[in-house]
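What follows is a set of notes on a single structure, which appears directly below.
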Amino acid sequence: MTRCINCRTQISPRATICPHCGEPDPGRKKRSRSVFLWLTLLALVAFLYFVYFYNLKWLIISLVAVFAFNFLRRKV
Ligand SMILES: [Zn+2]
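Note that the numbering used here has the sequence shown beginning at 154, numbered continuously upward.
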């Protein structure tokens with residue numbers, strides 16, 4: 154048995170749709186996505202340090218661009 158990534162209900166690992174919440178592919182691994190999220194957070198922290206120490210406007214602009222890009226990607 155495995156758990157649905159959306160509602161955490163116990164489901165069959167081979168289930169293609171969650172019977173509880175209707176999540177498609179509920180047994181898929183979330184790991185690679187969370188690693189990507191942590192790397193993004195790490196990059197954001199590094200950017201914030203540069204912005205704080207050097208006070209560069211273009212770094213703030215690229216920071217916002219990266220954040221907006223990730224936000225849009227998550228929605229699709
Ligand atoms: Zn579910």
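Cβ atoms here follow ideal geometry from the backbone N, Cα and C, with glycine treated the same way.
Within the structure, which residues are defined as neighbours of ligand 1 by a Cβ-heavy atom distance below 6 Å, reported in chain order?
With the cut-off at 6 Å, the residues found are 157, 159, 160, 162, 171, 173, 174, 176, 179.
Using the DSSP secondary-structure output, state which residues sit across from residue 155 in a beta bridge.
Taking the first residue of the sequence shown as 1, we reach residue 155 at position 2. Bridge partners of residue 155: 164.
Using a threshold of 8 Å, state whether the C-beta atoms of residue 212 and residue 200 are closer than that.
Translated into the one-based positions of the sequence shown, residue 212 becomes position 59. Translated into the one-based positions of the sequence shown, residue 200 becomes position 47. Between residue 212 and residue 200, the gap from beta carbon to beta carbon is short of 8 Å.
Distance, Cα to Cα, residue 173 vs residue 187?
On the sequence shown, residue 173 is found 20 positions in, with the first residue counted as 1. On the sequence shown, residue 187 is found 34 positions in, with the first residue counted as 1. Straight across, the Cα-Cα distance linking residue 173 with residue 187 is about 24 Å.
Straight-line gap, residue 162 to residue 226 (C-alpha atoms, nearest Å)
Translated into the one-based positions of the sequence shown, residue 162 becomes position 9. Translated into the one-based positions of the sequence shown, residue 226 becomes position 73. Counting only the Cα atoms, residue 226 lies some 27 Å from residue 162.
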